[in-house]
Amino acid sequence: MDDEWICGRLGEDEPWVLGAVNPPVFENSLFTFGSAEELGEAIRNEDERYVYWRGTNPTVDLLQRKLAALERGERAKCFGSGMGAIAATISSRVSAGDHVLVLGAVYGPTTQFLRYLEKFGVTHTHADDLDGCARAVGPGTRLLYFESPSYMRYEVFDIPAVTSWAAGHGLVTVMDNTWSTPIFQKPLTMGVDLVVHSLSKYAGGHSDLVGGVVVGPARLIRPLALTEYQLYGAAMSPHDAAKVIKGLRTLPVRMAAHQERGLAAAAFLAGHPAVRRVNHPGLPSHPGHALARRQMAGFSSLFSVELATESRAEVAAFLDALRHFRIGVSWGGFESLVNAPALSVEESVRATMGVPVGLVRLSVGLEAADTLIKDLGLALEGAVAWRE
Ligand SMILES: Cc1ncc(COP(=O)(O)O)c(C=O)c1O
Numbered sequence: 242m243d244d245e246w247i248c249g250r251l252g253e254d255e256p257w258v259l260g261a262v263n264p265p266v267f268e269n270s271l272f273t274f275g276s277a278e279e280l281g282e283a284i285r286n287e288d289e290r291y292v293y294w295r296g297t298n299p300t301v302d303l304l305q306r307k308l309a310a311l312e313r314g315e316r317a318k319c320f321g322s323g324m325g326a327i328a329a330t331i332s333s334r335v336s337a338g339d340h341v342l343v344l345g346a347v348y349g350p351t352t353q354f355l356r357y358l359e360k361f362g363v364t365h366t367h368a369d370d371l372d373g374c375a376r377a378v379g380p381g382t383r384l385l386y387f388e389s390p391s392y393m394r395y396e397v398f399d400i401p402a403v404t405s406w407a408a409g410h411g412l413v414t415v416m417d418n419t420w421s422t423p424i425f426q427k428p429l430t431m432g433v434d435l436v437v438h439s440l441s442k443y444a445g446g447h448s449d450l451v452g453g454v455v456v457g458p459a460r461l462i463r464p465l466a467l468t469e470y471q472l473y474g475a476a477m478s479p480h481d482a483a484k485v486i487k488g489l490r491t492l493p494v495r496m497a498a499h500q501e502r503g504l505a506a507a508a509f510l511a512g513h514p515a516v517r518r519v520n521h522p523g524l525p526s527h528p529g530h531a532l533a534r535r536q537m538a539g540f541s542s543l544f545s546v547e548l549a550t551e552s553r554a555e556v557a558a559f560l561d562a563l564r565h566f567r568i569g570v571s572w573g574g575f576e577s578l579v580n581a582p583a584l585s586v587e588e589s590v591r592a593t594m595g596v597p598v599g600l601v602r603l604s605v606g607l608e609a610a611d612t613l614i615k616d617l618g619l620a621l622e623g624a625v626a627w628r629e
């Protein structure tokens, strides 16, 4: 099964599809049964049976089958947001007194959620590398959580090395693979236990939905589907599932186009005098490039640049001068976006993130590369003047 077939056809030859080129959207809050006994049996197996929207839905289920196959996992569970998937996944694996290791920089609200868990007696430690993990691991450590490439700085971790170290310490590994999508990286094949995604980014691709997923072995997915999924209520709607199914149809070709445009923009910026550094693992100058090429099949188009300035006003002037990159949060859509932590988060938060004032994050969309490069060049003309 190749990824293109999974994206376009898997699960779509079911009898109920009637040869329709797109599957139906099941708009049912509930399903009915022939007898009370049948209903009871379905409720006991609600991770697989259609009972109530907050548990399962055939349209969401079709998406789950596709995402499980794309990640080469046994089972997938979709959620109403990426954070819904992350919160349910972490809490399914920890109890009061347990400890979580976080390797490298991760999405801000993921750290916030780990801080929130402290009131339930679950602690966590951030480590920069495996040596740091070795210093922080203890008898209560249950989970190792990471992203590769990492958040904002796009540092690449050696996934097989991380997972074999974690397995040696009896830890479950959870990895956020949103940056690469399953088209460019398949962490379960490198020993990761559970992969989480925000489907709101490249998977959907059109900035018209919010969704998430966790993929892994049935023995880990089933309990969280029956417990955290049901109780937190972060259910995915069949309408959003249908939009992600549509997004998947073009995901492989969109990722190829994002890769090409992202690398062109990154290479241009790397050669510009107003730019101190470009954090894009697809550039040969990136310290993790060789490792990335070993474990990834390609590169998405989200990266950051460090402008040669210490002034928030100058960063703002750069953003305001852009015409084709729009200013906004999120990423992975058809539209090019730009954001800067120095302008969008509290100064104290930026400092704890360890990112410089001049750091700007770019999500390169599907516009023509020449247009985007011209836009960046014109906006940077002011930036060169700052240095004079
Ligand atoms: C790397 C990463 N993971 C997870 C999330 C959370 O996803 P969602 O916004 O769908 O809850 C985001 C959102 O920006 C993200 O950037």
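The numbering used here numbers the first residue of the sequence shown as 242 and each following residue consecutively.
The beta-carbon is built from N, C-alpha and C at its ideal position, and this holds for glycine as well.
As the structure is a prediction and not an experimental result, all values here were calculated from the model.
| Asked | Found |
| --- | --- |
| Whether R306 touches L259 by CB criterion (8 Å) | no |
| Inter-residue Cα distance where the pair is G529 and T419 | 18 Å |
| Residue ranges of each alpha helix (DSSP H) within the region 261 to 332, 4 or longer | 277 to 285 and 299 to 311 |
| Own chain, CB closer than 7 Å to V556, minus 5 neighbours either side, in chain order | L548, T550, A581, A583, L584, V598, G599 and V601 |
| Outcome for V262 when other beta-carbon atoms lying within 10 angstroms are tallied against a minimum of 16 | exposed |
| Rounded straight-line distance, which links the Cα of S322 to that of S545 | 24 Å |
| K615, DSSP secondary structure in three states | helix |
| Buried versus exposed, by CB contacts within 10 Å (16 or more), E629 | Reliability fails at E629, whose pLDDT of 48 lies under 50, so the model's placement of it is uncertain and the value that follows must be treated cautiously. Counting Cβ neighbours within 10 Å, E629 comes out exposed, since fewer than 16 surround it. |
| Pick from Y443, M416 and F272 that is closest to D399, judged by C-alpha positions | M416 |
| Enclosing beta strand (DSSP E) for V433 [first to last residue] | It is not in any beta strand (DSSP E) - V433 carries neither H nor E in the DSSP assignment. |
| Burial state of F634, where buried means 16 or more other Cβ atoms lie within 10 Å | The structure shown does not extend to residue 634, since the chain is modelled only from 242 to 629, so the question has no answer here. |
| E388 CB to nearest heavy atom of ligand 1 below 7 Å | yes |
| Where V454 sits in the DSSP three-state scheme | strand |
| Completely contained alpha helix (DSSP H) runs for the region 326 to 404, where each covers 4 or more residues | 349 to 357 and 371 to 377 |
| From R534, G569, P479 and R567, residue whose alpha carbon lies closest to that of L267 | Reading off the sequence, residue 267 comes out as Phe, not Leu. Closest by alpha carbon: P479. |
| The region 387 to 406 contacting the region 337 to 346, beta-carbon criterion three pairs below 8 Å | yes |
| Helix, strand or coil at E622 [DSSP, three-state] | helix |
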